[in-house]
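Trainee:
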Amino acid sequence: DVKVTQSSRYLVKRTGEKVFLECVQDMDHENMFWYRQDPGLGLRLIYFSYDVKMKEKGDIPEGYSVSREKKERFSLILESASTNQTSMYLCASSLIDEQYFGPGTRLTVT
Amino acid sequence: RKEVEQDPGPFNVPEGATVAFNCTYSNSASQSFFWYRQDCRKEPKLLMSVYSSGNEDGRFTAQLNRASQYISLLIRDSKLSDSATYLCVRGGSYIPTFGRGTSLIVHP
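Chains as they are written, first to last, in the working numbering: chain G, 882 to 991; chain W, 67 to 174.
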């Protein structure tokens, strides 16, 4: 059974803080993804990675960066959190097509 | 035009009803499709893959119509626990494209 874990379920941060969201998968998947999900907008891809140290921008990369130093771990970084980054953040991993999601982190920026 | 489109609903049905959702896609070269289920405030979970020949898993049937570029999900004998949002997904590359989801509410 694929397991994707995320470092926090709920997080509250202040505007301007640096925020780290971490994701770990245990199935040796090549591909990892970070999405945000907002009501009415669906899932939007922020960044993805298809290998260690490789990263590609998704649809909404502005204000975010990522790091993939190990195959099982993919981190999302908000360099200076803003209120419009309040959202549900979902990490996923895949071997080919089928994605497996972590439980999500609900981030509130005040 | 969005690549994968779904009616957001909500579809409000009584227990025991049969309900069907469609999802249209714009890329005719798309090779693989999936349905995911997402419960309120939870992550999406893979429900089933959609094959050219169709796919059935218990009360759930998924169909692909390449000529008209849509996929469908049929749920028979709806249960209260089927209440969720159903996401249509186009695969075929390592970056899938998600629809915005169709909300289903099954009431007693």
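Idealized CB from N, CA, C, for every residue including glycine. Values in this document were obtained by computation on a predicted structure and should not be read as measured data.
DSSP three-state call for leucine 146/W: helix, strand or coil?
Mentor: Three-state DSSP puts leucine 146/W in a helix.
Trainee: Find the residues of chain G that neighbour glycine 157/W, judging by a C-beta separation of less than 7 Å, and give them in chain order.
Mentor: Asp978
Trainee: For glycine 75/W, which residues from the same chain have a beta carbon less than 7 Å from its beta carbon, with the 5 sequence-adjacent residues on both sides left out?
Mentor: Thr168, Ser169, Leu170
Trainee: For phenylalanine 955/G and chain W, any beta-carbon pair shorter than 8 Å?
Mentor: No - not a single Cβ of chain W is within 8 Å of the one on phenylalanine 955/G.
Trainee: Excluding sequence positions up to five away, which residues of its chain have a Cβ less than 7 Å from the Cβ of aspartate 907/G?
Mentor: Lys884, Glu953
Trainee: List the residues of chain W whose Cβ lies closer than 7 Å to the Cβ of leucine 924/G, in chain order.
Mentor: Within 7 Å Cβ-Cβ: Phe164.
Trainee: When you compare only the Cα positions, how much space is there between valine 947/G and aspartate 143/W?
Mentor: 44 Å
Trainee: If we call anything under 8 Å between Cβ atoms a contact, is cysteine 154/W one with cysteine 106/W?
Mentor: no
Trainee: Considering cysteine 89/W, what are the terminal residues of the beta strand (DSSP E) in which it resides?
Mentor: 85-91
Trainee: Against chain W, does serine 930/G count as a neighbour if the rule is that its beta carbon must be under 8 Å from one of theirs?
Mentor: no
Trainee: Starting from glutamate 919/G, follow the beta strand (DSSP E) in both directions and report where the run begins and ends.
Mentor: Note that residue 919/G corresponds to aspartate in the displayed sequence, not to glutamate. Start and end: 912-919.
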